[in-house]
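Input: a single structure, listed below in structure tokens.
Number of protein chains: 2
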Amino acid sequence: MPSKSITPVLLCGGSGTRLWPLSRKSYPKQFAPLIGQETLFQASARRLSGQANGLNFAAPLVLANSDFRFIVTEQLMAIGIDPGAILIEPEGRNTAPAILAAALHAAADDPESILLVAPSDHVIPDTEAFQAAVARGLAALEQGDLVTFGITPDRPETGYGYLELTEKPDASGAPVKLARFVEKPDKARAENMLTAGTYLWNAGIFLFRAKDIISAFETHAAALVEPVKASLSQAQTDLGFLRLAPEPWVELEDISIDYAVMEKAPNLSVVPFTSAWSDLGGWDAVWRESGPDGTGVVTSEHATAIDCENTLLRSESEDLEVVGIGLQNIMAVAMEDAVLVANMDRAQDVKKAVEALKAKGASQATAFPKDHRPWGWFESLVVGSRFQVKRIVVHPGASLSLQSHFHRSEHWIVVEGTARVTVDDDVKLVTENESVYLPLGCVHRMENPGKMPMVLIEVQTGAYVGEDDIVRYEDVYART
Amino acid sequence: MPSKSITPVLLCGGSGTRLWPLSRKSYPKQFAPLIGQETLFQASARRLSGQANGLNFAAPLVLANSDFRFIVTEQLMAIGIDPGAILIEPEGRNTAPAILAAALHAAADDPESILLVAPSDHVIPDTEAFQAAVARGLAALEQGDLVTFGITPDRPETGYGYLELTEKPDASGAPVKLARFVEKPDKARAENMLTAGTYLWNAGIFLFRAKDIISAFETHAAALVEPVKASLSQAQTDLGFLRLAPEPWVELEDISIDYAVMEKAPNLSVVPFTSAWSDLGGWDAVWRESGPDGTGVVTSEHATAIDCENTLLRSESEDLEVVGIGLQNIMAVAMEDAVLVANMDRAQDVKKAVEALKAKGASQATAFPKDHRPWGWFESLVVGSRFQVKRIVVHPGASLSLQSHFHRSEHWIVVEGTARVTVDDDVKLVTENESVYLPLGCVHRMENPGKMPMVLIEVQTGAYVGEDDIVRYEDVYART
Chain H
1 MPSKSITPVL
11 LCGGSGTRLW
21 PLSRKSYPKQ
31 FAPLIGQETL
41 FQASARRLSG
51 QANGLNFAAP
61 LVLANSDFRF
71 IVTEQLMAIG
81 IDPGAILIEP
91 EGRNTAPAIL
101 AAALHAAADD
111 PESILLVAPS
121 DHVIPDTEAF
131 QAAVARGLAA
141 LEQGDLVTFG
151 ITPDRPETGY
161 GYLELTEKPD
171 ASGAPVKLAR
181 FVEKPDKARA
191 ENMLTAGTYL
201 WNAGIFLFRA
211 KDIISAFETH
221 AAALVEPVKA
231 SLSQAQTDLG
241 FLRLAPEPWV
251 ELEDISIDYA
261 VMEKAPNLSV
271 VPFTSAWSDL
281 GGWDAVWRES
291 GPDGTGVVTS
301 EHATAIDCEN
311 TLLRSESEDL
321 EVVGIGLQNI
331 MAVAMEDAVL
341 VANMDRAQDV
351 KKAVEALKAK
361 GASQATAFPK
371 DHRPWGWFES
381 LVVGSRFQVK
391 RIVVHPGASL
401 SLQSHFHRSE
411 HWIVVEGTAR
421 VTVDDDVKLV
431 TENESVYLPL
441 GCVHRMENPG
451 KMPMVLIEVQ
461 TGAYVGEDDI
471 VRYEDVYART
Chain D
1 MPSKSITPVL
11 LCGGSGTRLW
21 PLSRKSYPKQ
31 FAPLIGQETL
41 FQASARRLSG
51 QANGLNFAAP
61 LVLANSDFRF
71 IVTEQLMAIG
81 IDPGAILIEP
91 EGRNTAPAIL
101 AAALHAAADD
111 PESILLVAPS
121 DHVIPDTEAF
131 QAAVARGLAA
141 LEQGDLVTFG
151 ITPDRPETGY
161 GYLELTEKPD
171 ASGAPVKLAR
181 FVEKPDKARA
191 ENMLTAGTYL
201 WNAGIFLFRA
211 KDIISAFETH
221 AAALVEPVKA
231 SLSQAQTDLG
241 FLRLAPEPWV
251 ELEDISIDYA
261 VMEKAPNLSV
271 VPFTSAWSDL
281 GGWDAVWRES
291 GPDGTGVVTS
301 EHATAIDCEN
311 TLLRSESEDL
321 EVVGIGLQNI
331 MAVAMEDAVL
341 VANMDRAQDV
351 KKAVEALKAK
361 GASQATAFPK
371 DHRPWGWFES
381 LVVGSRFQVK
391 RIVVHPGASL
401 SLQSHFHRSE
411 HWIVVEGTAR
421 VTVDDDVKLV
431 TENESVYLPL
441 GCVHRMENPG
451 KMPMVLIEVQ
461 TGAYVGEDDI
471 VRYEDVYART
């Protein structure tokens with residue numbers, strides 16, 4: 001019989017600019033397939049799903065910001081996982097308020113709820129080993145402990161915080177009491193800690209009962225409790241999302257769970273985890289986690305390395321070939337609209353690329369070529385002085401707003417699936433290989449009434465083809 | 001009063017795989033804008049045009065292979081130069097047969113014709129200095145000399161052949177008699193030659209009267225003369241091109257003008273040229289000729305270098321941002337469909353990239369994203385399993401073939417200019433923001449009857465959207 005169910009709490013904050021160009025503000029790294037075929041978010045959700053290794057995972061509770069809510073549902077749908085709830089943070093306030101909101105939400109059903117809180121942008125290749133670690137942690141919950149997970153270091157890493165244990169973990173990997181948190185060390189300190197055996201990397205993954213973490217908040221971060229309760233109690237349901245009330249949320253302190261609670265709590269146990277783990281904090285980490293070959297080379301499907309060493313070559317498009325010749329210690333990541341080439345030792349400076357592009361006004365700094373919307377996504381295929389061509393993909397059952405334009409006419413050609421198209425008073429179905437003309441000024445809408453994605457080519461012509469030439473009359477996503 | 005006119009003979013052979021991805025078999029480097037806004041071919045044609053510095057250039061005689069004939073006319077038209085004749089070589093046979101054909105063609109009008117033979121893929125930034133060198137060479141023609149141009153070396157280059165002079169050139173830069181040709185040297189030899197002062201780089205640029213070079217062929221390479229005469233006399237005029245007859249052309253020896261004639265001719269003078277010159281034989285040469293800044297960095301418009309040294313960063317598209325961080329001695333060239341990242345010392349190995357891509361069957365090895373055709377060009381914007389979207393640009397007055405397809409229907413939307421469209425028995429004008437539907441199997445044609453380029457978006461749908469699903473009924477370019 002499986003034990004009491006565990007509710008995963010997936011945190012989807014974080015912008016990951018150090019993984020530009022694949023990770024951008026408009027589409028951060030947790031939603032990108034950095035390692036393997038699935039995105040990091042999908043892999044995180046799958047790792048904490050189903051029944052296996054004596055565990056019984058409930059539907060996940062997801063915390064996301066408003067911009068990415070539809071990406072969350074789309075990516076979960078694609079791997080067949082139904083979220084229990086998706087809580088929308090009015091603004092990011094770091095992990096403490098988010099986790100407290102999740103705990104209060106779960107406690108409303110059952111204060112004994114067991115929550116496993118995990119960032120959604122980490123790589124943990126061995127799911128079975130991780131689930132076994134979770135199972136070891138359950139024992140400590142009975143005594144009201146808050147459990148965190150510590151990764152056994154395999155190198156003197158200076159980029160992570162550490163957890164100092166009261167004693168060396170034994171071979172069973174049973175929870176050990178925490179002595180204290182240790183900030184990111186310098187190299188010498190990191191080397192000492194590596195040999196000591198009582199220091200583990202702080203992975204930011206937690207296991208606790210809802211009532212215990214709420215109690216810890218009440219003791220150590222009392223100022224957060226009432227405002228978060230208020231935002232939750234006034235939350236509004238919107239298309240299946242639970243939108244936390246902006247007031248008083250936006251007044252909350254921006255603070256991590258470590259600072260707010262964990263560093264002060266006496267009842268902290270650490271479960272040692274000896275398998276591979278990475279927070280993918282840079283392209284050097286992606287290179288390391290991708291399994292370099294004997295000469296240290298990692299290449300993606302459409303990348304070719306000739307006489308290279310310690311080099312990462314990635315093409316993020318099947319229409320893009322990347323070739324490296326005679327490279328050493330280089331990482332190159334190519335997309336259709338942006339290419340990064342950097343020395344491997346400068347992985348932490350990739351955010352400078354983003355800053356430089358922002359300074360010159362290049363959209364690639366923050367905007368992804370595919371623009372995700374509530375109803376699906378679109379990408380611009382070509383822009384001329386008086387025309388633009390887009391590919392538009394609409395999810396089954398989804399609908400764009402009823403809209404009109406002052407400066408452009410549009411030709412729509414359906415190339416996959418079936419659209420229901422409204423043009424002024426006329427509504428009709430348009431299927432593969434059929435087209436519709438939308439004269440300038442007409443009031444129109446595109447919907448996908450079918451069961452498969454609808455793909456449409458839109459050809460715009462007119463004196464101005466910017467996104468902001470739009471008048472919205474009705475919108476199921478409340479954007480009018 | 002300008003002197004007797006000089007007919008430029010522009011050689012457009014050469015595939016330039018060492019400049020991949022910008023230079024590919026389907027679109028070699030001479031037709032690409034490698035330095036500055038114009039292509040190398042356009043810059044070469046412009047350098048040898050008009051009346052200036054006491055010279056009077058006649059319309060150029062261009063030698064090209066069949067695949068590039070329309071690129072030649074398109075690029076000359078764009079800079080307002082009318083070619084005197086475009087000779088099409090049935091197959092490339094190196095420079096000797098091509099130059100002989102040009103000389104015979106010119107001699108038919110006037111055996112005294114002065115010809116200036118130049119490759120079309122060299123960089124010579126100072127046009128005035130070059131024209132002055134040409135003017136100095138004219139004096140030597142009176143005595144029946146063949147004149148070649150020698151570049152004063154500024155480094156011990158091992159990648160070029162040298163011309164050894166009988167004496168040091170004087171300050172006037174007057175022609176000096178050639179002692180002999182010197183093959184590409186090793187480093188030590190190159191350093192000795194650099195200090196000697198009597199060795200110049202062999203640039204492969206020639207000046208002679210038609211009758212003198214023909215006479216030299218008759219003396220030193222007699223076997224070529226009759227076959228080339230025969231190919232020329234049986235040449236066919238085709239849309240303004242002069243197509244040399246394949247028989248006996250294809251039987252000709254593949255031999256350079258240096259081997260066939262110049263190394264044997266006693267009447268060779270060399271005009272020293274002291275200004276900058278490059279044959280752009282690799283990306284390192286492009287880097288050098290692009291004027292590196294104080295830290296050795298060259299960046300194109302959409303490229304950004306952060307803490308780089310001795311590095312070339314090029315974006316070949318206005319929709320593509322390239323960023324380099326902490327690079328030393330690296331060259332990176334990014335296009336929408338291919339990216340090269342290489343150590344600067346490996347410039348000569350870029351052809352290995354082409355070989356590697358050929359081996360894996362990637363079209364980027366040889367095919368350019370823009371596909372140039374007699375009537376204009378097209379590019380694929382997106383390809384799905386059952387659809388494809390293309391941008392098609394048709395030159396004024398040009399016409400595609402009358403054709404049909406077995407597996408696809410097409411939607412055409414004109415976004416710039418006006419098209420005349422034939423669909424079975426119907427012919428009509430279609431202008432900006434109008435569309436036409438072409439059902440599967442219909443016989444159709446697209447023409448541009450207007451005075452400006454016509455741009456059309458083609459949306460294809462069907463079970464197969466390959467280029468080879470085409471039946472051609474009539475084609476003004478004789479492709480049926």
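Taken in order, these protein sequences are the chains called H and D. End of the first sequence sits at 480 in UniProt numbering; the numbers just go up one at a time, nothing left out. End of the second sequence sits at 480 in UniProt numbering; the numbers just go up one at a time, nothing left out. Using N, Cα and C, we set each Cβ at its ideal position, and we do this for glycine too.
- Around the CB of THR39 of chain D, 16 or more other CB atoms lie within 10 Å, so the residue is classed as buried.
- Of the other Cβ atoms in all chains shown, 16 or more fall within 10 Å of the Cβ of LYS29 of chain D; this residue is therefore buried.
- DSSP places LEU104 of chain H in the helix class (H, G or I) of the three-state scheme.
- Inside the region 360-384 of chain H, DSSP marks whole beta strand (DSSP E) runs of 3 or more residues at positions 371-373 and 376-383, from first to last along the chain.
- Inclusion of VAL436 of chain H and VAL421 of chain H in the CB contact set at 8 Å is warranted, their separation being smaller than that value.
- Contact residues of the region 66-99 of chain D toward chain H are absent (C-beta to C-beta distance below 8 Å).
- Out of D:ALA221, D:ALA265, D:VAL271 and D:GLU89, the CA that lies nearest to the CA of ALA171 of chain D is found in D:VAL271.
- Annotation for GLY204 of chain D: PRO119 place their beta carbon closer than 7 Å to its own, counting only its chain and skipping 5 residues before and after.
- Distances from the alpha-carbon of HIS395 of chain D to those of D:THR311, D:GLU167, D:ARG373 and D:PRO248 put D:ARG373 closest.
- A straight-line Cα-Cα distance of about 22 Å links ASP279 of chain D and ILE79 of chain D.
- Residues of chain D whose Cβ lies closer than 8 Å to the Cβ of TYR437 of chain H are, in chain order, SER435.
- Taken atom to atom, the span from the alpha-carbon of GLY50 of chain H to that of ALA129 of chain H is near 15 Å.
- Excluding residues up to 5 positions away in sequence, ARG386, PHE387, ARG408 and SER409 lie with their Cβ nearer than 7 Å to the Cβ of THR461 of chain H in the same chain.
- Contact of LYS352 of chain H with chain D is assigned, a C-beta pair being separated by under 8 Å.
- Among the CB atoms of chain H, none fall inside 8 Å of the CB of SER300 of chain D.
- Around GLN348 of chain H, no beta-carbon contact reaches into chain D at under 8 Å, the shortest distance being about 10 Å.
- Residues of chain H with a Cβ closer than 9 Å to the Cβ of ARG24 of chain D do not exist, since the nearest Cβ in that chain sits about 12 Å away.
- A contact is defined here as three or more CB-CB pairs under 8 Å, and the region 311-324 of chain H fails this definition with respect to the region 162-176 of chain H.
- ASP319 of chain D reaches chain H at ASP337, counting residues in chain order whose Cβ is nearer than 7 Å.
- Judged by beta-carbon spacing, GLU89 of chain D lies beyond the 8 Å limit of ALA102 of chain D, meaning their Cβ atoms are not closer than that value.
- Look at the region 387-408 of chain D: the residues with a C-beta under 7 Å from a C-beta of chain H are PHE387, VAL389 and ARG391.
- At least one CB atom of chain H sits nearer than 8 Å to the CB of VAL382 of chain D.
- LYS187 of chain H: member of the alpha helix (DSSP H) spanning 187-196, first to last residue.
- Ranking H:LYS184, H:PHE406 and H:ALA338 by CA distance to the CA of GLY441 of chain H puts H:PHE406 first.
- ASN433 of chain D and LEU100 of chain D have their C-alpha atoms spaced approximately 51 Å apart.
- Taking a Cβ-Cβ cut-off of 8 Å, the neighbours of LEU357 of chain H in chain D comprise THR304, GLU321 and VAL323, given in sequence order.
- Straight through space, the alpha carbons of ALA353 of chain H and LEU146 of chain H are spaced by roughly 40 Å.
- Along the region 408-434 of chain H, the positions whose C-beta sits under 8 Å from a C-beta of chain D are SER409, HIS411, ILE413, VAL415, GLU416, GLU432 and ASN433, read in chain order.
- Between the beta-carbon of SER231 of chain D and that of TRP249 of chain D there is about 4 Å, and that keeps the pair under the 8 Å contact cut.
- Between MET344 of chain D and MET335 of chain D, the beta carbon gap of about 19 Å keeps them out of contact (Cβ cut-off 8 Å).
- Under DSSP, LEU327 of chain H shares a beta bridge with no residue.
- Using a CB distance cut-off of 8 Å, THR17 of chain H does not count as an interface residue toward chain D.
- Within chain H, the residues GLY326 have their CB atoms less than 9 Å from the CB of ASP345 of chain D, given in chain order.
- Between the region 296-303 of chain H and the region 185-197 of chain H, the count of Cβ pairs shorter than 8 Å is below three; the stretches do not touch.
- Beta-bridge partners assigned by DSSP to PHE41 of chain D: none are found.
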